[in-house]
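Counting from 2, one number per residue, gives the positions in the sequence shown under my numbering.
Backbone N, C-alpha and C fix where the C-beta goes; we use that ideal spot for every residue, glycine too.
One structure is given here, and the rest of the page talks about it.
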Amino acid sequence: MIDGKVVIHISVKGKIQLKDETEAKSLSHFAGDWSLGPSTSYMLLFERKQLGKPVETSEASFLGKVLFAGVIEEGSLLEFLNFLGENNRSGVLVVVSNGVKKSVFFKEGQIRYATSNDPDDRLGNVLFRYGMVEKDKLNEALNDRSCRLGEKLVQMGVLGISDLYRAIKAQVEEIVYSSFLFTTGSFYFYELATTASLPSHLHLSTRNVLMEGVRRMDEMSYFRKKLPGADVVPEVLKDATIEDLTMQESGILALIDGRCNLEELSRKSHLGIFDTTRIVFHLMQGGIVRLKSTHSMANEASGGEDNIDKLLTAYNQVFHLISAKAEGFTPKLQRDLEMFLHKLDGELAVLFSGVVVKPDLTIDPAQILQNMTRLSDRSSVFSLVYKALDEIFYFLLFSAGISIDSAVETDLQNTIRQLTKQG
Numbered sequence: 002m003i004d005g006k007v008v009i010h011i012s013v014k015g016k017i018q019l020k021d022e023t024e025a026k027s028l029s030h031f032a033g034d035w036s037l038g039p040s041t042s043y044m045l046l047f048e049r050k051q052l053g054k055p056v057e058t059s060e061a062s063f064l065g066k067v068l069f070a071g072v073i074e075e076g077s078l079l080e081f082l083n084f085l086g087e088n089n090r091s092g093v094l095v096v097v098s099n100g101v102k103k104s105v106f107f108k109e110g111q112i113r114y115a116t117s118n119d120p121d122d123r124l125g126n127v128l129f130r131y132g133m134v135e136k137d138k139l140n141e142a143l144n145d146r147s148c149r150l151g152e153k154l155v156q157m158g159v160l161g162i163s164d165l166y167r168a169i170k171a172q173v174e175e176i177v178y179s180s181f182l183f184t185t186g187s188f189y190f191y192e193l194a195t196t197a198s199l200p201s202h203l204h205l206s207t208r209n210v211l212m213e214g215v216r217r218m219d220e221m222s223y224f225r226k227k228l229p230g231a232d233v234v235p236e237v238l239k240d241a242t243i244e245d246l247t248m249q250e251s252g253i254l255a256l257i258d259g260r261c262n263l264e265e266l267s268r269k270s271h272l273g274i275f276d277t278t279r280i281v282f283h284l285m286q287g288g289i290v291r292l293k294s295t296h297s298m299a300n301e302a303s304g305g306e307d308n309i310d311k312l313l314t315a316y317n318q319v320f321h322l323i324s325a326k327a328e329g330f331t332p333k334l335q336r337d338l339e340m341f342l343h344k345l346d347g348e349l350a351v352l353f354s355g356v357v358v359k360p361d362l363t364i365d366p367a368q369i370l371q372n373m374t375r376l377s378d379r380s381s382v383f384s385l386v387y388k389a390l391d392e393i394f395y396f397l398l399f400s401a402g403i404s405i406d407s408a409v410e411t412d413l414q415n416t417i418r419q420l421t422k423q424g
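See the structure below:
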């Protein structure tokens, strides 16, 4: 069996050819006639027409035949994993969705290992997310190709052998959990002739992993109603009553400083994003912490020209999007915005003096940067520009009588958070 190494192109006229002709030799032991079996838009299944034993190769001696294949539908992967566990199956489950491929290795119904082509699932990224290694040490280990990453970090004294075990276990679990979130794609399961070449010797109960995966899916969707992403920043409420906290809750609370987002807290606490999100959610429910507002973060951001320019670029992209969505009403919106800017007063009048509104509703950042030098107080210039641009954003929506995807507002808030960090 060849697993993802050869790419075949099918033209709109139905002609088949190899993307790379040098790979033709890889297909030589499949020589013969094949018929197209039941297939989907994600997976083609071919059956050999001629009878007889296929030619054995070294690869075929390691990889066995495909036993199951299917299309991902709601709950189908969970049901299939449960089937593999309950029936003590050995082999590899491969899940493919939108170019992402995850493979889970089973032996007698238990999960032994997992691999993925998603960069977020690499061991180095898992180690970094859990705060088990700093970037400089990780890069140093990655630059040494003489041995595996985990082995190198142990040699360097960055990790102990127990740390490495926990990290690989977390990596495998995260690969499996994330595959449950796929809503489209396909999967197939094939036998392994031998498990001797598996790169680790984990022994995870499929049943326990399934139960934990389902719990995480249910709870995370609930948590996300108040904590929409890993980049939100919690802060401790003043005069909050703090009592009866667990050890983990006390540990997270001690790390909350009004600047670290959930992802950074998960690294510092070594708990991972799920448990960190769960704990912060419970602290919010208890009236101990809240999410820091975008306006509050804007007040703390640096007023340097680079930050202001990035902020203007982000909003100009949205103004251009509004222009495209408004279609024939853009000239009217341009006049409305010019009048809006003309009626600004105080520091805002100074900041937007002489600013030109372009036909696509974007505004000239160079003029604003020049006007910044005329402000009497530049200590809160970032907040000033942000509030003005945000006001323009909502004014344009009001004037055009349109709405815009909530993801656009989320992206803008993320920009503010990133620029706050740089400040």
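It is roughly 14 Å from the alpha-carbon of GLN156 to the alpha-carbon of ASN144.
Ranked by Cα distance from GLN368, the first of SER377, GLU392 and SER354 is SER354.
Rounded to the nearest whole angstrom, the CA to CA distance from ARG217 to LYS226 is 14 Å. Within the DSSP secondary-structure output, SER117 pairs in a beta bridge with LYS103. LEU37 has its alpha-carbon roughly 32 Å from the corresponding atom of GLU109. Annotated three-state conformation of GLU244 is coil, per DSSP. Comparing alpha carbon positions, the residue from GLY132, LEU211 and ALA408 closest to LEU85 is LEU211. Going by beta carbons, ALA231 and LEU263 fall inside the 8 Å limit.
Taking the Cβ atoms as the reference, LEU398 lies roughly 19 Å from LEU349, outside the contact range of under 8 Å.
In this structure, SER180 lies away from LEU284, with their beta-carbon atoms at least 8 Å apart.
Under a 10 Å Cβ-count criterion, ILE162 is classified as exposed, with fewer than 16 other Cβ atoms of the shown protein chains found around its own Cβ.
For GLY151, the enclosing alpha helix (DSSP H) starts and ends at 150-156. Within 10 angstroms of the beta-carbon of MET340 lie fewer than 16 other beta-carbons, which makes it exposed. A residue is called buried when at least 16 other Cβ atoms come within 10 angstroms of its Cβ; PHE47 does not meet this threshold and is exposed.
The shortest C-alpha to C-alpha distance from LYS269 to any of GLY186, CYS148, MET133 and PHE396 is the one to MET133. Here DSSP, grouped into helix, strand and coil, assigns LEU292 to strand. Following the DSSP letters along the chain, one finds TYR131 in no beta strand (DSSP E), marked with neither H nor E. Look at the beta carbons and you see the segment 272-287 touching the segment 245-253: at least three pairs across the two are nearer than 8 Å.
In chain order, PRO120 place their CB closer than 8 Å to the CB of ASN126, counting only its own chain and leaving out the 5 sequence neighbours on each side. Here the alpha carbons of PHE81 and GLU87 stand approximately 10 Å from one another.
PRO229 carries a coil assignment under DSSP once its states are collapsed to helix, strand and coil. Taking 8 Å as the cut-off, the Cβ atoms of TYR191 and VAL93 count as close. DSSP places ILE17 inside the beta strand (DSSP E), whose first and last residues are 17-19.
Exclusion of the five residues before and after LEU228 leaves LEU263, THR278, VAL281 and PHE282 as the residues of its chain whose Cβ lies within less than 7 Å of its Cβ. The Cβ atoms of LEU362 and LEU390 lie no closer than 8 Å to each other. Between ASN83 and the set SER104, GLY100 and GLN111, the nearest pair of CA atoms involves GLN111. The beta carbon of THR416 sits closer than 6 Å to those of ALA315, all from its chain and outside the five residues before and after it, given in chain order. Exposed is the label assigned to SER147, since fewer than 16 other Cβ atoms lie within 10 Å of its Cβ.
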